[in-house]
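J.: Heads up, the working numbering is the position in the sequence shown plus 289, with the first residue counted as 1. Take this structure, written in structure tokens, and hold onto it; I'll ask about it next.
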Amino acid sequence: MRTQPRMNSDSGRRDFLRHAAAVGLAAAFPQRLAGLLAADAAPEDSWKTFRNGPELRGVAARPLPEKLELLWEMPTPDGVVGTPAILDGRTFVGTLSGDLLCLDLTSGEEIWKYQALVPPDQNTFVPGFAAPIGIAGDLVFAGDDSGVMHAVDRASGELRWKFESKDQIVGGPTFDDQHVIFGSHDGKLYCLARADGAKAWEYNTEGPVNGTPVLAGPYTFVTGCDKPVLRIVDTQTGAEHSEAPLRELMIASAAIVGDLLYFGTDNGTVYAYDWRKHEPVWTYSVPNRQQQIHSSPAVTEELVVIGSRDRHLHAIDRKTGEGRWTFQTRAKIDGSPVIAGDRVYFGSSDRILYGVSLADGQQVWRHAAGQSVTGSPAIAEGKLVIGTETSSGRVLCFGAR
Numbered sequence: 290m291r292t293q294p295r296m297n298s299d300s301g302r303r304d305f306l307r308h309a310a311a312v313g314l315a316a317a318f319p320q321r322l323a324g325l326l327a328a329d330a331a332p333e334d335s336w337k338t339f340r341n342g343p344e345l346r347g348v349a350a351r352p353l354p355e356k357l358e359l360l361w362e363m364p365t366p367d368g369v370v371g372t373p374a375i376l377d378g379r380t381f382v383g384t385l386s387g388d389l390l391c392l393d394l395t396s397g398e399e400i401w402k403y404q405a406l407v408p409p410d411q412n413t414f415v416p417g418f419a420a421p422i423g424i425a426g427d428l429v430f431a432g433d434d435s436g437v438m439h440a441v442d443r444a445s446g447e448l449r450w451k452f453e454s455k456d457q458i459v460g461g462p463t464f465d466d467q468h469v470i471f472g473s474h475d476g477k478l479y480c481l482a483r484a485d486g487a488k489a490w491e492y493n494t495e496g497p498v499n500g501t502p503v504l505a506g507p508y509t510f511v512t513g514c515d516k517p518v519l520r521i522v523d524t525q526t527g528a529e530h531s532e533a534p535l536r537e538l539m540i541a542s543a544a545i546v547g548d549l550l551y552f553g554t555d556n557g558t559v560y561a562y563d564w565r566k567h568e569p570v571w572t573y574s575v576p577n578r579q580q581q582i583h584s585s586p587a588v589t590e591e592l593v594v595i596g597s598r599d600r601h602l603h604a605i606d607r608k609t610g611e612g613r614w615t616f617q618t619r620a621k622i623d624g625s626p627v628i629a630g631d632r633v634y635f636g637s638s639d640r641i642l643y644g645v646s647l648a649d650g651q652q653v654w655r656h657a658a659g660q661s662v663t664g665s666p667a668i669a670e671g672k673l674v675i676g677t678e679t680s681s682g683r684v685l686c687f688g689a690r
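Rendered as structure tokens:
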């Protein structure tokens with residue numbers, strides 16, 4: 290049964306999931322090395338994983354059209370907080386009501402729907418999908434809040450395999466050429482065979498894992514949500530290579546350029562951190578306005594752009610750590626911005642989606658969503674896809690008519 294979207298009309302557990310997914314759900318740091326992901330290289334204009342690639346830089350392959358319009362919207366009970374994926378004219382969206390949706394990117398028409406629990410029962414707890422969606426080869430991966438990682442056939446929506454951890458999964462998956470790696474709130478980092486879900490190894494993180502793990506050569510980097518420690522893990526064996534102390538807790542994901550990680554903290558400070566030397570290169574903060582940062586940065590060669598609970602989007606010089614400009618909204622910014630061309634796009638809890646010029650921080654586009662936007666957009670194929678939260682949430686798709 291296909292569901293047609295509406296066209297162009299302007300409990301503690303759910304609240305936690307909205308919060309956890311909005312921060313980007315990552316505390317792991319990537320570095321692209323030739324050949325590491327060659328077996329599963331993404332097409333140029335796609336959005337297959339959280340923050341669009343192993344560096345987590347949050348940059349789209351191409352600009353969006355100059356004039357963005359709402360093309361379609363799809364109602365989603367309980368809302369959407371995880372980042373969607375986009376590939377080959379389709380978008381893949383997880384909802385807090387426990388549906389994994391495959392939608393036509395142009396029309397919003399439902400192609401298939403996979404349910405976390407079948408058959409659903411109104412008297413039975415149905416785990417939701419709060420984590421970012423990941424695509425590798427012909428599989429779509431989605432972790433749910435009961436601790437199950439689902440691997441679903443990308444073409445048909447049929448379950449290929451699933452793996453049960455012991456607590457909820459709020460971070461997205463990452464991939465090498467044969468494995469999927471993800472964390473769980475059971476305090477474990479898992480590495481499974483992509484083909485059949487067989488466990489290659491698990492690593493004890495000594496605390497819940499909120500993050501999306503990412504790769505740097507033979508290593509993955511992970512932090513728990515309760516200790517300011519960066520753990521470096523060998524992806525071939527699951528053995529710990531080393532640890533690096535951090536000054537403050539990271540709540541959201543880091544991005545990497547070369548040897549430098551860029552991330553925000555629970556103290557409202559943004560860091561450029563040399564993960565090889567285990568020391569900060571620069572820090573950025575705004576005196577008398579330091580609030581927690583639940584947003585992951587978007588990073589270009591010149592700028593680090595990040596949201597904050599101080600209601601501002603901050604643009605920082607990547608080399609020096611000096612502030613370039615700020616853009617104020619009316620509420621906290623927990624979602625992670627995405628850069629497309631010379632603009633950056635993001636949502637706010639003030640119920641508005643924004644487009645801002647990278648050059649000077651001036652607003653160039655906005656859309657009144659009518660609902661809080663705490664998730665992060667996926668941008669590819671000339672479209673921006675994002676979800677809104679609340680019990681009457683929606684999937685929104687923007688592009689040119």
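The beta carbon of each residue, even a glycine, is placed where N, CA and C say it ideally should be. Please read these numbers as outputs of a predicted model, since none were measured by experiment.
Name the two residues that bound the continuous beta strand (DSSP E) containing M539.
T.: Translated into the one-based positions of the sequence shown, residue 539 becomes position 250. First-last for M539: undefined, no H or E at that position.
J.: I'd like the list of long-range same chain contacts for W401, defined as Cβ closer than 7 Å, with 5 residues on each side in sequence excluded.
T.: For the purposes of this step, residue 401 is taken as the residue at position 112 of the sequence shown. Cβ neighbours of W401 beyond the five flanking positions: C391, S445 and G446.
J.: On the three-state DSSP scale, how would you describe L685?
T.: The sequence position of residue 685 within the sequence shown is 396, counting from 1. Looking at L685 - three-state DSSP - the assignment turns out to be strand.
J.: For a minimum of 3 consecutive residues, which ranges assigned as the beta strand (DSSP E) are wholly contained in the region 571 to 622?
T.: Qualifying beta strand (DSSP E) stretches, in chain order: 592 to 596, 601 to 606 and 612 to 617.
J.: Let's see if you can read the secondary structure: which residues bound the beta strand (DSSP E) around F552?
T.: Within the sequence shown, residue 552 is the residue found at index 263, counting from 1. Element bounds for F552: L549 to G553.
J.: Taking a contact to mean a Cβ-Cβ separation below 9 Å, would you say P366 touches S681 in this structure?
T.: Numbered from 1 along the sequence shown, position 77 holds the residue referred to as residue 366. Numbered from 1 along the sequence shown, position 392 holds the residue referred to as residue 681. Yes.
J.: Measuring only between beta-carbons, confirm whether D388 sits less than 9 Å from chain B.
T.: Absent from the structure is chain B; it holds one protein chain and no more.
J.: Hey, could you find the ends of the beta strand (DSSP E) K402 is sitting in?
T.: Here the question's residue 402 lines up with position 113 in the sequence shown. E399 to Q404 is the extent of the beta strand (DSSP E) around K402.
J.: Please return the same chain residues whose Cβ sits closer than 6 Å to the Cβ of A689, not counting the five positions on each side in sequence.
T.: Translated into positions along the sequence shown, residue 689 becomes position 400. Cβ within range, chain order: P354.
J.: Give the DSSP-derived three-state secondary structure of R520 in the structure shown.
T.: On the sequence shown, residue 520 is found 231 positions in, with the first residue counted as 1. The answer is strand: DSSP assigns R520 an E or B state.
J.: Find the nearest neighbour of V662 within the set W336, G371 and S335, judged by alpha-carbon distance.
T.: Numbered from its first residue, the sequence shown carries residue 662 at position 373. Looking at the Cα atoms, G371 is the closest of the given residues.
J.: Nearest to Q467 by CA position, among W571, K455 and C480, is which residue?
T.: Taking the sequence shown and counting its residues from 1, the one referred to as residue 467 is at position 178. Selected option, being the one with the closest Cα: C480.
J.: Count the other CB atoms within 10 Å of the CB of A419; is the residue buried (16 or more) or exposed (fewer)?
T.: Position 130 of the sequence shown, counted from the first residue, corresponds to residue 419. Classification for A419: buried.
J.: Can you give me the start and stop residues for the beta strand (DSSP E) that Q652 sits inside?
T.: Residue 652 sits at position 363 when you count from the first residue of the sequence shown. Looking at the DSSP string, the run of the beta strand (DSSP E) that includes Q652 is Q652 to A657.
J.: Ignoring anything shorter than 4 residues, give me the alpha helix (DSSP H) runs that lie fully in the region 380 to 464, in order along the chain.
T.: none
J.: Tell me which residue opens and which closes the beta strand (DSSP E) that V469 is part of.
T.: As a position in the sequence shown, residue 469 is number 180, starting the count at 1. For V469, the enclosing beta strand (DSSP E) has its first and last residue at H468 to S473.
J.: Just curious, the beta strand (DSSP E) that V498 is in, first and last residue?
T.: To locate residue 498, count along the sequence shown from 1; it is residue 209. Careful: V498 lies outside any beta strand (DSSP E) and carries neither H nor E.
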